[in-house]
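These protein sequence lines are chains L, X, C and G, in that order.
Quick note on my numbering: the first sequence kicks off at 85 and runs consecutively.
Quick note on my numbering: the second sequence kicks off at 85 and runs consecutively.
Quick note on my numbering: the third sequence kicks off at 85 and runs consecutively.
Quick note on my numbering: the fourth sequence kicks off at 85 and runs consecutively.
Taking it in order: structure first as structure tokens, then the write-up.
There are 4 protein chains.
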Amino acid sequence: MLQVRWSLHPEVRLHRSAAGVLLLFLLQHSRELLFCHLYFQCSLLLTAPTDLAVSFPKSKRAVFPSTSNPQATTLSWRCWMGLTRMGSCAPLARRTVGHPPPIPDNPSAFPFAFQGNDQVRFELTCYALCPSIKVVAPWRLPEFYQRFPGRRELMDYAQKHGIPVPVTPQTPWSMDENLMHISYEAGILENPKNQAPPGLYTKTCDPATSPDTPDVLEIEFEKGVPVKVTNAGDGAVRRSALELFVYLNDIAGKHGVGRIDIVENRFVGMKSRGIYETPAGTILYHAHLDIEAFTMDREVRKIKQGLSLKFSELVYNGFWHSPECEFLRHCIARSQQAVAGTVRLSVFKGHVSVLGRASPRSLYNEELVSMNVQGDYEPADATGFININALRLKEYHRLQSKVTAKQDE
Amino acid sequence: MLQVRWSLHPEVRLHRSAAGVLLLFLLQHSRELLFCHLYFQCSLLLTAPTDLAVSFPKSKRAVFPSTSNPQATTLSWRCWMGLTRMGSCAPLARRTVGHPPPIPDNPSAFPFAFQGNDQVRFELTCYALCPSIKVVAPWRLPEFYQRFPGRRELMDYAQKHGIPVPVTPQTPWSMDENLMHISYEAGILENPKNQAPPGLYTKTCDPATSPDTPDVLEIEFEKGVPVKVTNAGDGAVRRSALELFVYLNDIAGKHGVGRIDIVENRFVGMKSRGIYETPAGTILYHAHLDIEAFTMDREVRKIKQGLSLKFSELVYNGFWHSPECEFLRHCIARSQQAVAGTVRLSVFKGHVSVLGRASPRSLYNEELVSMNVQGDYEPADATGFININALRLKEYHRLQSKVTAKQDE
Amino acid sequence: MLQVRWSLHPEVRLHRSAAGVLLLFLLQHSRELLFCHLYFQCSLLLTAPTDLAVSFPKSKRAVFPSTSNPQATTLSWRCWMGLTRMGSCAPLARRTVGHPPPIPDNPSAFPFAFQGNDQVRFELTCYALCPSIKVVAPWRLPEFYQRFPGRRELMDYAQKHGIPVPVTPQTPWSMDENLMHISYEAGILENPKNQAPPGLYTKTCDPATSPDTPDVLEIEFEKGVPVKVTNAGDGAVRRSALELFVYLNDIAGKHGVGRIDIVENRFVGMKSRGIYETPAGTILYHAHLDIEAFTMDREVRKIKQGLSLKFSELVYNGFWHSPECEFLRHCIARSQQAVAGTVRLSVFKGHVSVLGRASPRSLYNEELVSMNVQGDYEPADATGFININALRLKEYHRLQSKVTAKQDE
Amino acid sequence: MLQVRWSLHPEVRLHRSAAGVLLLFLLQHSRELLFCHLYFQCSLLLTAPTDLAVSFPKSKRAVFPSTSNPQATTLSWRCWMGLTRMGSCAPLARRTVGHPPPIPDNPSAFPFAFQGNDQVRFELTCYALCPSIKVVAPWRLPEFYQRFPGRRELMDYAQKHGIPVPVTPQTPWSMDENLMHISYEAGILENPKNQAPPGLYTKTCDPATSPDTPDVLEIEFEKGVPVKVTNAGDGAVRRSALELFVYLNDIAGKHGVGRIDIVENRFVGMKSRGIYETPAGTILYHAHLDIEAFTMDREVRKIKQGLSLKFSELVYNGFWHSPECEFLRHCIARSQQAVAGTVRLSVFKGHVSVLGRASPRSLYNEELVSMNVQGDYEPADATGFININALRLKEYHRLQSKVTAKQDE
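See the structure below:
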């Protein structure tokens with residue numbers, strides 16, 4: 085079936101016959117909606133979550149390559165978007181290089197652009213995994229973009245060659261969707277002052293009309309990875325990575341949780357404005373942040389925060405399969421060893437509120453912190469602690485005074 | 085000798101009259117409600133915002149020592165709490181060392197504890213500003229805490245000496261309040277699993293019962309500092325630092341914005357659980373984050389993010405008046421030079437949503453980012469950019485393959 | 085068409101006559117392609133230090149754009165090389181864009197290569213200062229490098245057009261020289277195992293044959309910048325930036341100080357091996373490091389160390405004129421406010437040894453540190469300091485034991 | 085034999101009988117030379133390297149707890165000192181808590197001081213490994229230091245109780261010695277301007293009189309750890325951790341390598357001046373730095389450099405046995421996986437010079453870097469790389485110009 089479709093396109097055949105393969109060709113031009121029946125390679129990214137459920141690998145790593153990790157912790161919620169996006173791009177590209185997945189019946193368009201981040205992400209991943217690969221990106225080839233300068237020329241070409249083209253009227257913005265999020269960019273959104281129209285959102289309800297009763301959830305973590313979600317209301321339980329993620333997408337969507345409007349900094353050097361919805365991701369972000377703070381040592385966490393800033397930069401820029409990102413993933417995984425326990429939270433009117441948490445691995449010591457119990461803590465020690473910490477400050481003051489006095493003379 | 089003075093109770097007078105003297109004495113024991121009539125020094129922290137309005141300095145720096153700065157940007161919202169707290173502690177302590185403010189009529193209790201952060205914050209500040217000061221912290225002196233092991237002994241002492249003690253029944257937790265936030269700790273909250281009781285909150289409404297219509301605000305920034313708030317609904321305008329802050333406290337409080345339940349890491353080494361309300365601070369946090377991302381260069385922002393992690397650590401730990409914090413404030417202020425413009429946002433049901441932004445100083449270039457306009461951007465350049473970035477990854481792969489191949493032999 | 089223009093410009097011929105051929109010619113003139121007679125701009129880089137003396141700007145900033153700064157402090161000595169190199173490239177390129185300096189009589193060749201860092205450094209600088217500039221780099225243009233694939237073709241072309249080409253036998257490596265350093269790369273040095281031949285070095289003596297008596301110098305700093313050098317032996321004094329730098333080059337060269345053999349990481353993604361001589365720079369590096377440690381607060385220095393790692397990366401990669409590098413320079417300059425004083429050191433047999441230092445701004449307090457004087461320091465305070473610091477460690481141990489015990493059950 | 089000596093001292097008996105033991109007692113007071121026969125616990129640190137050879141554990145970890153790690157790489161050579169010192173303190177303290185080692189015949193004095201770092205290092209280590217331990221540090225106990233305010237009182241006490249006290253005239257500075265280094269502090273060295281007297285050094289020759297012929301060594305590394313040293317001159321080979329370290333101490337000492345004079349920042353808040361000799365450590369520092377740069381990916385190395393700054397701070401401050409240091413050691417060990425190969429270097433007249441290196445794991449690609457071979461590298465790619473990198477700089481310039489223009493109006 086694959087071949088049949090391919091045979092329609094001389095160019096494609098050409099590329100396939102070339103040693104070294106190529107797929108970015110497919111990813112790149114996909115923007116045009118022209119060869120959309122070809123770019124099966126990235127179709128997984130584009131179909132609905134429920135469809136994804138079928139083809140998505142079962143292993144945790146595939147769904148939470150990054151959930152268990154830094155962005156879920158240190159990074160502000162904003163970074164979560166780019167991460168989840170790359171989080172799914174990278175494993176996908178990895179798989180793509182291996183064996184082409186089946187073609188979905190209803191692929192949507194994938195708006196790769198020549199100024200975009202995704203071209204970089206996909207290509208770096210391909211090169212890192214298969215250095216001998218030859219990527220052909222028509223939209224960056226003068227011979228292509230000079231021949232097809234605009235949509236009209238593409239349409240003409242499609243018609244002439246009998247290529248079916250979807251004619252549904254486009255929204256005045258572009259969308260990218262995957263299991264974790266959807267982004268809206270370009271078109272009327274390019275003016276950063278313009279508010280996103282209410283009708284834009286597709287994965288979350290408007291908080292104004294969302295239910296008046298919260299859902300209260302308990303999310304259990306092991307080694308930083310969510311392994312179980314329980315709805316305290318109806319007792320619903322989800323355990324597998326995919327199931328619980330899809331479930332959280334539903335709950336968050338129902339309560340309008342996960343919308344964000346940001347200006348981000350693309351790797352290729354420009355600022356761009358995007359609206360995102362990340363329903364399940366937003367809940368998991370808050371839950372993981374809480375359980376991590378509860379179980380991780382203060383100083384380990386500070387170090388990990390620094391690593392996370394770097395990690396998110398790498399992932400956003402497409403360096404998932406790089407020595408440094410491998411290194412960071414290893415370090416971060418280590419930091420998550422004891423991140424285990426259960427977070428109780430409420431999802432309501434666009435907001436996630438943590439209500440409490442418990443863990444067998446917490447460094448929290450209720451006795452130690454109690455104002456009523458003195459315990460191991462010797463009050464007088466604080467005096468020495470403060471005095472020694474003040475020593476340096478006093479010396480600095482002494483010197484400053486001397487210098488100032490001298491200047492005043 | 086200490087006792088003698090105490091029994092006079094006039095010690096207070098004594099202490100005040102003494103040059104240089106004490107104060108922490110006053111701050112520390114204040115916990116007991118016993119000498120509450122003495123600790124005027126910290127009373128500013130404890131009175132209601134509206135009262136504060138009178139005595140609070142007019143300058144921006146006093147209200148936004150940190151608003152304009154990193155935590156408002158990089159740090160997750162969680163850090164905001166500790167910062168605002170210290171943000172007001174430090175200037176206060178600074179002033180205290182200088183000239184004692186007038187005693188308020190209705191000071192509340194200030195629950196300094198010997199395991200707490202605040203003792204460190206206040207004392208480090210005092211030492212940094214006035215190294216010759218002698219801090220007396222009764223609660224860390226064996227002769228004091230052995231004489232007054234508990235509340236009962238204090239009450240007895242107060243009665244015997246005719247010291248008026250508030251008898252209002254205490255909540256089963258402790259509270260600290262200032263212009264920017266209120267914290268709830270200890271008591272039943274010490275079990276991190278316990279949900280905060282609904283009646284606990286004092287500065288924000290329950291989002292479940294908050295208005296069904298959002299307030300839409302426009303907040304204007306100059307050099308990272310909010311200088312004007314306009315309510316798009318009723319046209320209300322607030323300009324001065326204090327006025328706009330008090331106004332935002334009202335708006336946020338009305339919509340249930342600013343609640344958080346976290347486990348934090350005290351400087352003295354233990355984890356503790358706190359519930360916070362930071363109404364205005366939460367709105368400003370989101371607004372500043374947005375305008376900063378819009379106007380600040382990508383790479384400057386990355387560096388500043390690292391500085392911010394350090395800055396918040398310093399402030400939380402009480403090192404506001406330290407050479408390193410001075411240095412960081414200088415650096416961060418520099419980073420805010422071009423952070424100017426207006427953010428439009430909605431406050432609704434516990435959540436702040438950014439709707440759009442505009443700035444005369446933005447690095448955002450609508451033309452450059454447009455998918456429809458090619459502009460300055462040469463598509464072919466991305467090819468070289470990607471290839472050069474991939475070079476290192478390919479080399480790494482090459483080496484890994486060689487090593488793996490060797491191992492397989 | 086390119087050729088046509090070339091023939092128009094006698095200067096070009098002049099410059100081309102230099103051994104090693106072309107390059108900046110290409111980059112610089114490239115601006116216009118036309119004004120190749122302007123590219124003497126980079127000739128300053130290539131002439132000997134003594135010649136430089138004439139044309140080099142008098143201001144400190146020009147000679148020590150970075151001396152006063154991080155690399156002189158935090159970075160290992162290794163980074164010094166790339167920095168000094170860029171340190172001079174950037175101001176130069178800056179000037180180039182502005183007003184062309186006079187043409188020196190004897191420009192040497194500048195071996196830019198298409199895999200090199202310098203092309204990036206120069207071009208980024210040009211673009212940053214003059215975005216509308218059009219850089220033409222023949223060595224990256226297929227039409228050029230296909231026509232002149234190797235040295236032979238270039239020679240033929242030169243002969244055919246009557247362009248005089250030096251026929252002195254080339255060393256089997258390439259060299260780049262400026263006031264601060266000289267680098268040796270390529271050729272037989274490309275094998276990282278090959279020891280640099282003794283005859284390679286041109287700026288420093290072999291320590292084996294250098295004088296048997298050290299030179300002892302006193303170097304005075306103000307705000308991190310060296311302002312005076314005194315030779316304790318003969319009383320020689322040098323004050324101006326250039327004079328003292330040239331003098332230190334002499335002294336260091338005489339004693340074989342400043343040689344290094346390293347493998348570095350180019351911005352374009354490959355590792356390369358280089359031999360460097362940095363005579364004056366090496367002395368200043370050690371002197372500045374010492375005076376900084378003596379005068380700068382411990383915590384400020386830690387922060388600055390992190391900034392320095394970033395700063396050196398930026399400078400090495402050619403981002404001197406970038407918002408982030410401007411920001412860092414500002415921050416680092418601030419950190420140098422109190423870096424003042426005099427360092428005494430010995431230069432001998434390839435090594436620089438610090439002998440002592442003095443400063444009016446030091447945070448060093450001899451009384452405080454003395455083991456014989458108790459001074460302000462209360463011994464008992466250390467107990468509390470240690471205990472509070474141990475609190476977290478004990479909690480961690482407690483938890484680990486619990487977890488281990490459970491696993492053992 | 086241990087008991088016999090103990091019985092002489094009532095205090096000692098007291099402490100031993102107390103539940104919870106104690107050892108710091110022994111370490112702390114050791115300064116006094118009074119109870120020197122008791123402080124066997126730290127004697128290992130104080131005897132000569134050759135004696136150490138007998139009792140030192142054979143495992144690599146003991147000798148190179150940190151050699152294989154960051155300080156050997158990123159940190160400037162200065163940090164090496166503190167690290168090696170702590171590197172040996174921590175394992176020692178660890179062992180001490182377990183079983184007391186045999187008493188050496190000739191223990192030297194161990195100058196713990198109440199302002200020092202070592203008290204913190206030892207005690208934190210003890211607390212981290214055995215939280216229930218009770219440390220008694222006489223020199224910080226008023227009842228002790230008021231009874232023995234000075235040396236005279238101690239001498240009197242010793243005489244009265246028949247405690248043998250060494251009467252060798254002390255040098256006018258204090259010394260701490262272990263396998264890795266020796267430090268000289270206090271006394272006449274407290275004035276940071278005073279040059280160390282030539283007779284001070286005990287482990288290295290004066291470079292002025294050291295041999296006129298270098299030793300050329302080849303040092304082989306596996307996973308960042310030195311595993312073999314070969315002397316290219318006489319073919320001598322050393323393999324085991326201890327043997328090669330002792331051998332390098334000899335070679336470096338013979339050539340005057342490893343001396344340094346620095347001002348450092350103690351954890352307890354003061355600056356102090358120290359002279360150090362670190363013979364073998366200095367050679368290994370340079371060798372490891374070189375092989376790491378040769379084999380480690382550029383971006384991994386940048387991250388590791390940041391971690392190293394933190395690691396050295398932790399080790400210097402005594403947090404070897406802390407969750408964060410465990411975490412960092414794990415991360416750094418991971419970074420060393422491929423750090424393997426051989427470095428050739430020369431040791432001569434106080435200086436170590438790297439001559440070349442080879443590795444089966446290097447990312448260095450001679451073909452790629454060659455100026456003569458084009459290889460995989462497409463020159464035209466650099467154009468795109470530079471252009472994309474310049475995009476952000478141009479935007480920044482555009483904005484700056486706009487702002488400046490506006491200000492000029």
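Each residue gets a CB set at the ideal place from its N, CA and C atoms; glycine is no exception.
Predicted model, so just to flag it, every value in this text is computed and none were measured.
Between the beta-carbon of residue i and the beta-carbon of residue j, is there less than 8 Å?
i, j, result
"V427/X", "V436/X", "no"
"Y331/G", "R343/G", "no"
"E304/X", "V311/X", "yes"
"V423/G", "T366/G", "no"
"V309/L", "I470/X", "no"
"G440/C", "N201/G", "no"
"L475/L", "M354/G", "yes"
Classify residue i: buried if its beta carbon has 16 or more other beta carbons within 10 angstroms, exposed otherwise.
i, result
"P256/L", "exposed"
"M165/X", "Confidence at M165/X is low in this model, with a pLDDT of 31, below 50, so its placement is unreliable and the value that follows should be read with caution. Buried, by the Cβ-count rule."
At the level of alpha carbons, what is the spacing between residue i and residue j?
i, j, result
"F351/C", "G402/C", "9 Å"
"L368/X", "L328/X", "10 Å"
"I335/L", "S485/C", "39 Å"
"A466/L", "H370/L", "33 Å"
"L489/G", "E408/C", "This sequence places Ala at residue 489/G; Leu is not what is there. Their Cα atoms are separated by approximately 22 Å."
"R382/L", "P215/X", "30 Å"
"I346/C", "K478/X", "23 Å"
"I266/L", "S356/C", "43 Å"
"S443/C", "A270/X", "50 Å"
Taking only beta-carbon atoms, is residue i less than 8 Å away from chain X?
i, result
"R323/C", "no"
"V347/C", "no"
Using a Cβ-based criterion (distance less than 7 Å to any ligand heavy atom), does residue i qualify as near the ligand GDP?
i, result
"P215/X", "With respect to the ligand GDP, the structure offers nothing, as it holds no ligand at all."
Is there a C-beta anywhere in chain C that falls below 8 Å from the one on residue i?
i, result
"I387/X", "yes"
"D381/X", "yes"
"I472/X", "yes"
"E408/X", "yes"
Taking 8 Å as the CB-CB cut-off, is residue i touching chain L?
i, result
"P295/X", "no"
"L393/X", "yes"
"L477/X", "yes"
Scan the stretch 343-373 of chain C and note each continuous beta strand (DSSP E) run of 3 residues or more that stays entirely inside, going in chain order.
343-349 and 355-361
Could you pull out every unbroken beta strand (DSSP E) segment of at least 3 residues lying fully inside the stretch 271-345 of chain G, listed in chain order?
299-306 and 309-315
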